[in-house]
Every structure is written in C-alpha cells, then in structure tokens.
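Below is one structure, written out as structure tokens; the observations come after it.
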Amino acid sequence: MVGRRAAFLDRDGVLAVPEFRDGRSFAVRRLADFRIYDGAAEAVRALDAAGWAVVVATNQPDIANGQVAAETVEAMHDVLRRAMPLAAIETCPHAQDAGCDCRKPRPGMLTRAAARLGLDLSASVMVGDRASDIAAGIAAGCRTVFVDRGYDPPQARPDARVDGIAAAARWILSPQAATA
Ligand SMILES: [Mg+2]
Ligand SMILES: [Zn+2]
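Heads up: the sequence shown begins at 3 in our numbering, then just goes up one per residue.
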C-alpha cells in the first residue's frame, strides 16, 4: 500500500504568531493571545485540496513546565481545527529534558502520525522555523522546508527556504518540489 503524503507543519512561527522576548520566540500562553498568521488557513486549504494530509507537529514544553494548562493548549488547537482542514495535531507536552521520543528534533510525532494515518514519510514534507524542525523532518525521512525568520538556522540544509507558510505551501505544490 502506498501511503498518503503529508505536510507536517510546526505550529508556533509557522501557523501561529509567537511572542518575542529578548529576541527569542515563544508560544503564547493565553488563549486570548493565540493568533493565526494571515494566509495560513488558505495555504492549508490549498494543500488539503491537492490531497496532502496536513498534520501539525508541535513541541509544547510549557505544559510539563506548568506554564500553561493542557486544556488551554487544546483550546488553541480547536481554534486551528476550526480555521483550517487538519488531518491531525500531534503535541509533545514533555519537558525539554524529559528524554521522550516525541520532542523535536526527534521524529516521534511524525512517525506516530504516519503509523496511525497511513502516511508515506518519504513523500512527505516537514515545515518549521527552527533547526529542530528541520532535524526532525530529516530524521523521519521527509523533505524539509525552513521558514526563515532570522533565528535558529538549521545545521542541515533544508530542501527549500521560504519566508512564511504561504510560500511553503506554494513550494510544496510546485513542480520543482517533486524533483527536489
Ligand atoms: Mg516554531
Ligand atoms: Zn514528548
């Protein structure tokens, strides 16, 4: 059986606008502060319409660290689900030092979704704004698209570099992506 292709999307800095403190980006902690980037819903709809399973894969260590309730994160994910067609949202709620197999740069969220949804990882793409997103995509055997917001450049070379989710979707849906 040939699996469906997936577009794995990081959440903060890709779909949702992060907070910036001291030049670093962080997930928002209040539902009222949760904002989706302009154009993100349209980009996800275009991927979905072209047959891609769109799966969010997000590290949320603030849950384990007691900085945000799991219910609040789930409410944010309900906002995402209402705004755009998502096949799944995979969340790593563990702390940075927990040693779990799902926290990016490990590929556990991607391989878990692939097993459950019947996804073909080798035909799939991981999109993220951090080095750990690119590393997780490579570890899962996916192609990678780096959303370059000027922080945290990846060590390994991504297949494409873009300025946001709209351009990421355009690259995934473009003919050159098929041969990258
Ligand atoms: Mg991010
Ligand atoms: Zn985890």
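Even glycine gets a Cβ: it sits at the ideal position worked out from N, Cα and C.
All values derive from a computational prediction rather than experimental measurement.
Could you give the C-beta distance for residue i and residue j, rounded to a whole number, given that I count them as a contact under 8 Å?
{"i": "M86", "j": "A42", "result": "7 Å"}
{"i": "R108", "j": "A66", "result": "Actually they do not touch by this definition, with Cβ atoms about 15 Å apart."}
{"i": "V129", "j": "L11", "result": "5 Å"}
{"i": "A168", "j": "A45", "result": "5 Å"}
{"i": "S126", "j": "A8", "result": "4 Å"}
Hey, could you find the ends of the alpha helix (DSSP H) residue i is sitting in?
{"i": "S134", "result": "133-141"}
{"i": "A168", "result": "167-174"}
{"i": "R114", "result": "110-119"}
{"i": "A66", "result": "63-66"}
Excluding the 5 residues preceding and the 5 following residue i in the sequence, name in chain order all residues of the same chain whose CB lies nearer than 7 Å to its CB.
{"i": "R37", "result": "A18, V19"}
{"i": "P63", "result": "H96, A97, Q98"}
Output needed for residue i: all residues of its chain with C-beta closer than 6 Å, excluding positions within five of it in sequence on either side, in chain order.
{"i": "A48", "result": "A171"}
{"i": "A162", "result": "V147, W173"}
{"i": "N61", "result": "C94, R105, K106"}
{"i": "L123", "result": "A116, A142, G143, C144"}
{"i": "S134", "result": "K106, P107"}
How is the beta strand (DSSP E) around residue i delimited, first residue to last?
{"i": "G130", "result": "127-130"}
{"i": "A71", "result": "Taken as a continuous stretch (DSSP letters only), A71 belongs to no beta strand (DSSP E), as it is neither H nor E."}
{"i": "R163", "result": "162-164"}
{"i": "I38", "result": "Looking at the DSSP string, I38 is not in any beta strand (DSSP E), and its letter there is neither H nor E."}
{"i": "L11", "result": "8-11"}
{"i": "R159", "result": "Element bounds for R159: n/a, residue is neither H nor E."}
{"i": "S27", "result": "26-28"}
{"i": "R145", "result": "145-149"}
{"i": "R23", "result": "21-23"}
{"i": "C94", "result": "90-94"}
Using a Cβ-Cβ cutoff of less than 8 Å, which residues in the same chain neighbour residue i once the five nearest sequence positions on both sides are dropped?
{"i": "V79", "result": "The identity of residue 79 in the sequence shown is His, whereas the question assumes Val. Counting only Cβ-Cβ distances below 8 Å, and skipping sequence neighbours, we find V58, I91, T93."}
{"i": "S27", "result": "D14, G15, P20, E21, D131, R151, Y153"}
If you measure from the beta carbon of residue i to each beta carbon in chain C, is any gap under 7 Å?
{"i": "G110", "result": "Here there is only one protein chain, and chain C is not present."}
- Three-pair Cβ contact test at 8 Å for the region 172-180 versus the region 10-27: no
- Does the count of Cβ pairs from the region 89-101 and the region 156-175 closer than 8 Å reach three? no
- Query: Any contact of the region 77-85 with the region 109-119, i.e. 3+ C-beta pairs under 8 Å?
  - Reply: no
- Item | Closer than 6 Å to ligand 2: residues, by C-beta to nearest heavy atom, in chain order | C94, H96, C102, C104, R105
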